[in-house]
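Scroll down for the structure; my scribbles are underneath it.
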Amino acid sequence: MSEPTPTPALTIQEQVQTIREDLTSAIPALARTLTESSYADVRFHAMRALAKLAENPTFCQEIASTALASVSRSIQNEIRSVEPTGSMGKYQSQIIEVALALYESLQRHTSVAPASPTAPTDSGPALVARPAANDVDDWEIES
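Read left to right, the sequence shown gives residues 1 to 143 (full-length UniProt numbering).
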């Protein structure tokens, strides 16, 4: 009998990369859950998972490119489904609250130039976002 050949163990860095890829691949499924599930608690947990992922800048671009339309539709659907009394149910209000946390995380970790009243006419200095250290949304001219 021969001993089985041991397979090389993944390094910690390779394991971390695998987990990062797995989490990134979950984002589209979470986005679909927001718009396709008929259960408010399931939508809430999907939104909460997206908000938690958005706390890490690694996942912000994928969330921004994959899930934002679903997040917006989910918010609109929750508002449309308000009870006849005009009040939101438990999960509806929690979904709105978690959507705000998601929005705030994306604002901290993405650099989108604020809308200007007039478009620049020359190719002057580019706008550059400051590091998101303290929720700073200021912009500075790069020299």
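Cβ atoms here follow ideal geometry from the backbone N, Cα and C, with glycine treated the same way.
Excluding five sequence neighbours on each side, which residues of the same chain lie with their C-beta closer than 8 Å to the C-beta of residue i?
i	result
Val-82	Met-88, Gln-92
Ala-133	Note on Ala-133: pLDDT 41, under 50, position unreliable in the model; no value is reported.
Gly-86	none
Just tell me which of the options has its CA closest to the CA of residue i.
i	options	result
residue 157	Phe-44, Thr-85, Asn-56	In this structure the chain extends from 1 to 143, so residue 157 is not present and cannot be described.
His-109	Ser-74, Pro-84, Leu-53, Ala-29	Leu-53
Val-98	Tyr-39, Gln-107, Arg-48	Arg-48
residue 148	Glu-62, Thr-11, Tyr-39	The structure shown has nothing for residue 148, since the chain only spans 1 to 143.
Tell me which residues share the same chain as residue i and place their Cβ nearer than 6 Å to its Cβ, disregarding the 5 neighbours each side in the sequence.
i	result
Ser-105	Ala-54, Glu-55
Pro-57	His-109
Asp-41	Tyr-91
Glu-78	Gln-92, Ile-95
With a cut-off of 8 Å on the beta carbons, I'd call residue i and residue j a contact; round off their distance for me.
i	j	result
Leu-100	Leu-50	Their Cβ separation, rounded to whole angstroms, is 12 Å, which puts Leu-100 and Leu-50 out of contact at 8 Å.
Phe-59	Thr-24	6 Å
Can you list, in chain order, the residues of its chain with a C-beta nearer than 7 Å to that of residue i? Leave out the 5 residues immediately preceding and following it.
i	result
Ala-67	Ile-27, Leu-30, Ala-31, Leu-50
Tyr-39	none
### Message
Does the contact criterion of 3 or more C-beta pairs under 8 Å hold for the segment 69–77 versus the segment 32–50?
### Response
Yes, the segment 69–77 touches the segment 32–50.
### Task
Tell me the start and end of each unbroken alpha helix (DSSP H) in the segment 68–118 that is at least 4 residues and wholly inside, in chain order.
List check, alpha helix (DSSP H) in window: 68–80, 90–109.
### Inside the segment 3–61 only - beta strand (DSSP E) runs reaching at least 3 residues
Unbroken beta strand (DSSP E) runs of no fewer than 3 residues, entirely contained in the segment 3–61, are not found.
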